[in-house]
Amino acid sequence: MLLSYNSIIHKAWVLRKQYLHLTGTNVYRLINSYGDALPEVTIDVYDKNILVQYFTPYEKHSKNSIYQALNELLAPKTVTEKIRLKGEDIKTHLVSGLKIPENFVVLENSIPFNISFTEGGGTGLFLDQRDNRKKVQALAKDKEVLNCFCYTASFSVYAGLGGAVRTTNIDLSKKAIEWGKKNFLLNQLDAKHHEFIVGDVWDWTKIFQKKGRAFDMIIIDPPSFSTSKTTVFTVEKDFPQLLGRGLNLLREDGILIFSTNLAKMSFSKFFQLLPKIKNFTSKPYKLIGVSSQGLDFPIDGIHLAEPYLKFIMLS
Ligand SMILES: C[S@@+](CC[C@H](N)C(=O)[O-])C[C@H]1O[C@@H](n2cnc3c(N)ncnc32)[C@H](O)[C@@H]1O
Numbered sequence: 009m010l011l012s013y014n015s016i017i018h019k020a021w022v023l024r025k026q027y028l029h030l031t032g033t034n035v036y037r038l039i040n041s042y043g044d045a046l047p048e049v050t051i052d053v054y055d056k057n058i059l060v061q062y063f064t065p066y067e068k069h070s071k072n073s074i075y076q077a078l079n080e081l082l083a084p085k086t087v088t089e090k091i092r093l094k095g096e097d098i099k100t101h102l103v104s105g106l107k108i109p110e111n112f113v114v115l116e117n118s119i120p121f122n123i124s125f126t127e128g129g130g131t132g133l134f135l136d137q138r139d140n141r142k143k144v145q146a147l148a149k150d151k152e153v154l155n156c157f158c159y160t161a162s163f164s165v166y167a168g169l170g171g172a173v174r175t176t177n178i179d180l181s182k183k184a185i186e187w188g189k190k191n192f193l194l195n196q197l198d199a200k201h202h203e204f205i206v207g208d209v210w211d212w213t214k215i216f217q218k219k220g221r222a223f224d225m226i227i228i229d230p231p232s233f234s235t236s237k238t239t240v241f242t243v244e245k246d247f248p249q250l251l252g253r254g255l256n257l258l259r260e261d262g263i264l265i266f267s268t269n270l271a272k273m274s275f276s277k278f279f280q281l282l283p284k285i286k287n288f289t290s291k292p293y294k295l296i297g298v299s300s301q302g303l304d305f306p307i308d309g310i311h312l313a314e315p316y317l318k319f320i321m322l323s
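For the sequence shown, my numbering begins at 9 and goes up steadily by one.
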């Protein structure tokens with residue numbers, strides 16, 4: 009390794025500090041693997057708690073150098089590591105601090121969110137969507153919003169704070185829906201004025217269509233792959249159908265947002281497949297926006313040729 013861990017981490021921090029510290033954000037990705045010259049490692053800062061994830065085995069002394077650099081730079085309260093090796097269960101260890109943080113609050117664009125390092129696979133917030141959530145907030149005033157695959161409802165919190173009259177949130181996971189309600193409460197948004205549905209997006213988009221429900225803004229940010237009691241879904245194969253269903257529920261001049269982090273589907277592949285929407289709706293549409301991940305998710309253009317996050321807006 010040409011640069012020391014210390015200088016790699018410091019350099020990465022300078023970039024983030026320069027651009028993020030004015031936004032009221034204490035949650036960000038500090039190291040994005042090859043994009044920050046630290047292969048197969050990600051380091052996420054959640055205020056005073058740090059999560060380090062290894063996607064390949066790292067020597068003990070390398071890990072210790074990383075932890076030493078983090079301690080010197082950020083003096084974290086806790087450091088937790090997750091080892092995510094292909095074909096193996098995820099292993100989680102506390103590296104420093106009293107215990108793995110279970111429930112704490114961070115700020116993103118001055119908006120608080122509940123985070124946990126112990127609940128399931130995620131932490132409660134996908135950090136790469138920060139700028140896109142802000143976009144939703146800016147467009148949500150007086151809108152009725154449908155958030156499909158809502159997870160902890162972070163897009164809806166932004167929409168609510170942006171003045172949405174109502175959000176409807178659907179997720180298969182009861183735990184995610186409860187987490188979403190907690191995020192609403194944390195932001196003084198009254199969950200009673202919003203709809204939280206534990207259910208399958210495939211079923212509910214049908215139900216809404218039958219009932220004649222319509223929305224001004226629809227967010228569809230699914231996992232790359234999912235199975236429920238009745239459906240098996242892969243983004244690559246099924247996104248045109250999902251978008252077709254979305255358009256069928258969209259009011260005139262509404263905005264349909266689709267997002268996927270599937271790296272193997274490039275932007276050009278995505279746009280090549282997009283016209284397949286026409287198999288599932290007779291509604292016309294136009295492309296009104298394309299964006300990607302925040303600046304704390306750099307890529308080196310070699311190991312990953314283009315940004316992986318696709319955030320597409322149709323009207
Ligand atoms: C990638 S996360 C979505 C991230 C979310 N949009 C956000 O902004 O944080 C995927 C979520 O989809 C949910 N899910 C998977 N299949 C589903 C289905 N068929 N219907 C509803 N929710 C589903 C999972 O429970 C999970 O919470």
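Idealized CB from N, CA, C, for every residue including glycine.
Report yes if the CB atom of residue i is closer than 9 Å to the CB atom of residue j, and no otherwise.
i, j, result
"THR86", "PRO120", "no"
"THR131", "ASP52", "yes"
"LYS190", "ASN256", "no"
"LEU317", "TYR293", "no"
"PRO47", "LEU93", "no"
"ILE285", "ILE227", "no"
"ILE178", "LEU154", "yes"
"HIS170", "GLN145", "Correcting the residue type first, residue 170 is Gly in the shown sequence and not His. Yes. Within cutoff."
"ARG253", "ASP224", "no"
"SER164", "THR175", "yes"
"ASN112", "LEU59", "This sequence places Phe at residue 112; Asn is not what is there. Cβ distance not < 9 Å, so PHE112 and LEU59 don't count as in contact."
"PHE275", "PRO315", "yes"
"ASP208", "LEU180", "yes"
"GLY43", "ILE307", "yes"
"ASN40", "PHE241", "no"
"SER104", "TYR75", "yes"
"ARG24", "LEU11", "no"
"LEU282", "GLU244", "no"
"ILE98", "GLY129", "yes"
"GLU152", "ALA222", "yes"
"ASN14", "SER73", "yes"
"LEU102", "VAL35", "no"
"ASP198", "VAL173", "no"
"GLN61", "GLU96", "no"
"VAL114", "TYR166", "no"
"VAL206", "LYS237", "no"
"PRO84", "LYS107", "no"
"GLY297", "LYS142", "no"
Restricting to Cα atoms, I'd like to know which of the options is closest to residue i.
i, options, result
"ASN79", "HIS18, GLN280 and ASP208", "HIS18"
"PHE319", "LEU38, PRO230, LEU106 and SER124", "PRO230"
"PHE204", "LEU133, CYS158 and THR213", "CYS158"
"ASP246", "ASP224, TRP210 and LEU23", "TRP210"
"LEU312", "THR289, SER299, ALA271 and LYS277", "ALA271"
"GLY168", "SER181, TYR13, GLY188 and ALA184", "GLY188"
"GLU67", "VAL49, ASP55, ASP308 and PRO84", "VAL49"
"SER299", "TRP21, GLN137 and GLU116", "GLN137"
"SER232", "LEU303, LYS25, ASN40 and SER267", "SER267"
"THR239", "TRP212, LYS277 and ALA45", "TRP212"
"LEU303", "TYR27, SER12 and SER118", "TYR27"
"THR33", "ALA20, TYR62, GLU116 and PRO283", "GLU116"
"GLN301", "GLU89, GLY95, ASP139 and ASN14", "ASP139"
"LYS291", "SER236, ILE310, CYS156 and ASP261", "ASP261"
"LEU295", "ASN57, ILE310, ASN287 and PHE279", "PHE279"
"THR289", "ALA83, GLN217, ALA77 and GLY309", "GLN217"
"TRP21", "THR31, GLU186 and ALA77", "ALA77"
"ALA184", "CYS156, LYS200 and HIS201", "CYS156"
"ILE310", "PHE63, LYS200, LEU30 and ALA45", "ALA45"
Per DSSP, which one or two residues make a beta bridge with residue i?
i, result
"HIS101", "GLU89"
"ASN57", "TYR54 and THR86"
"LEU322", "LEU264 and LEU295"
"PRO231", "DSSP output for PRO231 lists no bridge partner at all."
"VAL49", "TYR62"
"THR242", "PHE233"
"ILE121", "Inspection of the sequence shows that residue 121 is occupied by Phe rather than by Ile. In the DSSP output, where bridge partners are listed per residue, PHE121 has VAL114."
"ARG37", "ASP52"
"ILE205", "ILE178"
"LEU154", "THR176 and ILE226"
"LEU258", "PHE223"
Completely contained beta strand (DSSP E) runs for the stretch 156–183, where each covers 3 or more residues: 174–179
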